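Please read the structure below before turning to the comments.
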Amino acid sequence: MNKFLKKIFLFLFPIIIGMISLELILKNIPNDYSYKKAYLDKNANEIEVLFMGNSHIFYGINPKYMTRNTFNGAHISQSLNFDHAILKKYATKFEKLKYVIIPVDYFSFYSRLDEGVEKWRVKNYCIYYNISEEDYFWNNFEIFNGKLDSHISRANEYLINEKTDISCSKLGFGTNYNSKNNKNLFETGIKAANRHTFDLNKHRSTFIKNRKTINSIIKFSKEHHINVIFLTCPAHKNYYKNLNDIQLQNTINSIQQISLKQSNTYYFNFLKDTSFTTKDFYDADHLNEIGAKKLTLKINDILKKIEYNNVLMN
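The opening residue of the sequence shown carries number 1 in the working numbering; numbering runs sequentially from there.
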């Protein structure tokens with residue numbers, strides 16, 4: 001029996017050492033999560049405008065076009081509960097923060113990162129932000145989330161070519177969705193609309209949880225004297241013409257009702273904004289760098305108008 005156990009140990013030992021080594025390498029590869037966490041650690045006290053949310057903001061807002069000190073804190077598939085968690089994490093450091101801007105898109109009320117097909121991304125918040133929305137042990141490891149061949153490839157690229165996983169600018173803007181590589185708007189419109197459409201009855205509990213999260217974000221912002229701006233991001237007609245009308249109206253009506261009841265909350269709907277044309281979109285529901293500049297300047301103008309109106313009221 002002892003010989004058998006010894007053989008098992010000798011067989012498993014190099015595998016375990018290899019797994020530990022791979023895990024350590026993966027965790028040391030700089031990525032968008034570790035970069036944004038480090039940026040917030042160092043600069044949160046100077047930020048005046050903070051954008052949160054999903055890939056629509058990550059690729060759709062370029063802070064360099066804002067006149068205030070601005071940072072893009074969005075991540076791919078980041079849901080409302082993680083927006084809230086990050087805000088709470090830096091609550092005591094947001095000394096100058098005046099505006100938090102969060103997308104409420106077609107899918108926002110009916111989906112959460114920890115319940116969807118991209119649940120593997122939850123580990124990024126556990127590992128790099130030290131934020132845990134659920135008590136799941138395996139979220140603390142890179143190698144147990146994603147595919148092994150992808151992990152090995154990333155590790156080799158980093159060790160051999162010093163390639164990192166950072167894909168954002170210094171101010172957090174996602175740079176991969178470039179106009180030179182625009183996708184087919186017809187095909188991506190249908191696929192994205194289908195991917196973002198849910199069985200409303202089955203996702204009723206998710207809708208309720210997200211509505212509560214939005215109210216918690218508003219409450220947090222009031223307590224810290226921050227204005228909240230919710231927005232529905234622009235999309236190409238090949239996306240929004242394929243949406244479920246009931247899901248869309250439930251989303252828009254809900255965020256409108258919530259916003260109207262709060263003095264520090266605003267809502268703007270850019271979904272069908274005709275000023276965004278084909279050249280502005282990377283795919284049917286994401287802007288490229290051209291469209292991102294346009295949306296960023298629109299938001300900058302909105303903030304100026306809000307401040308002007310507040311001065312008049314005072």
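Quick reminder that beta carbons are idealized off the backbone N, C-alpha and C, glycines included.
Just so you know, these numbers come straight off a predicted model, no measurement behind them.
Report task. State the beta-bridge partners of Ile-57 as determined by DSSP. Result -> Along the sequence shown, read from residue 1 onward, the residue named residue 57 stands at position 57. None; Ile-57 has no bridge partner.
Query raised in the report: Which value, in whole angstroms, describes the spacing of the CA atoms of Met-313 and Val-100?
Result: Along the sequence shown, read from residue 1 onward, the residue named residue 313 stands at position 313. Along the sequence shown, read from residue 1 onward, the residue named residue 100 stands at position 100. The predicted model places Met-313 with a pLDDT of 47, which falls under 50 and marks its position as unreliable, so this point remains unresolved.
Query raised in the report: So, using beta-carbon positions, are Ser-254 and Phe-109 closer together than 8 angstroms?
Result: Locating residue 254 in the sequence shown gives position 254, counting from the first residue. Locating residue 109 in the sequence shown gives position 109, counting from the first residue. Yes, the pair counts as a contact, with Cβ atoms nearer than the cut-off.
Query - Integer-rounded CB distance, given that Ile-86 should sit under 8 angstroms from Asn-72 - result: Counting from one through the sequence shown, the residue named residue 72 turns up at place 72. Counting from one through the sequence shown, the residue named residue 86 turns up at place 86. Not really, about 12 angstroms apart at Cβ, beyond 8 angstroms.
Requested in this report: Can you grab the Cα-Cα spacing for the pair Ile-25 / Arg-121, in whole Å?
Outcome: As a first step, residue 25 is located in the sequence shown; it is residue number 25 there, counting from the start. As a first step, residue 121 is located in the sequence shown; it is residue number 121 there, counting from the start. Answer to the nearest angstrom: the Cα atoms are 18 angstroms apart.
Query - Span of the beta strand (DSSP E) around Thr-265 - result: Taking the first residue of the sequence shown as position 1, residue 265 is located at position 265. Counting along the chain, the beta strand (DSSP E) containing Thr-265 begins and ends at 265-269.
Query raised in the report: Which ranges would you report for the beta strand (DSSP E) in the segment 155-191 if only whole runs of at least 3 residues count?
Result: none
Query - Reference Asn-54, options Asn-181, Lys-209, Tyr-267 and Ile-102, closest by Cα - result: In the sequence shown, counting from the first residue as 1, residue 54 sits at position 54. The shortest Cα separation from Asn-54 among Asn-181, Lys-209, Tyr-267 and Ile-102 belongs to Ile-102.
**Report entry** Range covered by the beta strand (DSSP E) that runs through Phe-107
**Finding:** By 1-based counting over the sequence shown, the position of residue 107 is 107. No beta strand (DSSP E) contains Phe-107, which DSSP labels as neither H nor E.
Requested in this report: Compute the Euclidean distance between the alpha carbons of Leu-148 and Ser-167, then round it to the nearest angstrom.
Outcome: Position 148 of the sequence shown holds residue 148. Position 167 of the sequence shown holds residue 167. Going by the C-alpha atoms only, they are around 21 angstroms apart.
**Report entry** Backbone secondary structure at Met-313 - three-state DSSP
**Finding:** Numbered from its first residue, the sequence shown carries residue 313 at position 313. A caution first: Met-313 carries a pLDDT of 47, below 50, which makes its placement in the model too unreliable to give a value.
Query raised in the report: How close, in whole Å, do the beta carbons of Ala-44 and His-224 come, if the pair is a contact with beta carbons under 8 angstroms?
Result: By one-based count along the sequence shown, residue 44 stands at place 44. By one-based count along the sequence shown, residue 224 stands at place 224. Contact between Ala-44 and His-224 is absent: CB atoms are separated by about 12 angstroms, not below the 8 angstroms threshold.
Requested in this report: Following the continuous alpha helix (DSSP H) through Asp-285, name the residue where it begins and the one where it ends.
Outcome: Position 285 of the sequence shown, counting from 1, holds the residue named residue 285. From DSSP, Asp-285 is part of no alpha helix (DSSP H); its letter is neither H nor E.
Query raised in the report: If you run the structure through DSSP and keep just helix, strand and coil, what is Thr-278?
Result: Working through the sequence shown from its first residue, we reach residue 278 at position 278. Note: Thr-278 maps to helix in three-state DSSP.
Query - Inside the segment 9-56 only - beta strand (DSSP E) runs reaching at least 3 residues - result: 49-51
Query raised in the report: With respect to the alpha helix (DSSP H) encompassing Phe-94, which residues constitute its N-terminal and C-terminal limits?
Result: Along the sequence shown, read from residue 1 onward, the residue named residue 94 stands at position 94. Here Phe-94 belongs to no alpha helix (DSSP H), and DSSP marks it neither H nor E.
Query raised in the report: Is there contact here, the segment 258-265 with the segment 28-37, by at least three beta-carbon pairs under 8 angstroms?
Result: No contact exists between the segment 258-265 and the segment 28-37.
**Report entry** Separation of Arg-204 from Ile-258, as counted between CA atoms
**Finding:** Along the sequence shown, one-based indexing puts residue 258 at 258. Along the sequence shown, one-based indexing puts residue 204 at 204. Roughly 18 angstroms between the two C-alpha positions.
Query raised in the report: For the 8 angstroms Cβ check, are there 3 or more pairs between the segment 225-244 and the segment 276-288?
Result: yes
Report task. Determine the DSSP secondary structure at Thr-251, reduced to helix, strand or coil. Result -> Within the sequence shown, the letter at position 251 stands for residue 251. If DSSP states are grouped into helix, strand and coil, Thr-251 belongs with the helices.
Query - Buried or exposed by the 16-neighbour rule on C-beta atoms within 10 Å, applied to Asn-81 - result: Residue mapping note: residue 81 aligns to position 81 of the sequence shown, counting from 1. When all chains shown are included, Asn-81 counts as buried.
Query - Coarse secondary structure for Leu-243, derived from DSSP in three states - result: Locating residue 243 in the sequence shown gives position 243, where the first residue counts as 1. The answer is coil: DSSP assigns Leu-243 none of H, G, I, E or B.
Report task. Going by DSSP, name the residue or residues bridged to Phe-71. Result -> Stepping through the sequence shown from its first residue, residue 71 is reached at position 71. In DSSP, Phe-71 forms a bridge with Leu-50.
Query raised in the report: Based on Cα-Cα distance, which residue from Asn-194, Ile-20, Asp-114 and Asn-62 lies nearest to Leu-171?
Result: Taking the first residue of the sequence shown as position 1, residue 171 is located at position 171. Checking every option, the nearest Cα to that of Leu-171 belongs to Asn-62.
Query raised in the report: With respect to the alpha helix (DSSP H) encompassing Ile-318, which residues constitute its N-terminal and C-terminal limits?
Result: The question about residue 318 has no answer here: the residues shown for the chain are numbered 1 through 314.
Query raised in the report: Would the beta-carbon of Thr-213 fall within 8 angstroms of that of His-75?
Result: In the sequence shown, residue 213 corresponds to position 213, counting from 1. In the sequence shown, residue 75 corresponds to position 75, counting from 1. No, they are not a contact pair.
Query raised in the report: Considering Asn-227, what are the terminal residues of the beta strand (DSSP E) in which it resides?
Result: Your numbering for residue 227 matches position 227 in the sequence shown. Note, Asn-227: beta strand (DSSP E), 227-232.
Requested in this report: Express the C-alpha separation of Lys-272 and Lys-220 in angstroms, rounding to a whole number.
Outcome: Position 220 of the sequence shown, counted from the first residue, corresponds to residue 220. Position 272 of the sequence shown, counted from the first residue, corresponds to residue 272. According to the sequence displayed, residue 220 carries Phe and not Lys. For Phe-220 and Lys-272, the distance between alpha carbons rounds to 30 angstroms.
Requested in this report: Name the residue from Ala-235, Lys-180 and Val-49 whose alpha carbon lies nearest to the alpha carbon of Phe-332.
Outcome: Here the chain covers residues 1 to 314 and nothing more, so residue 332 does not appear.
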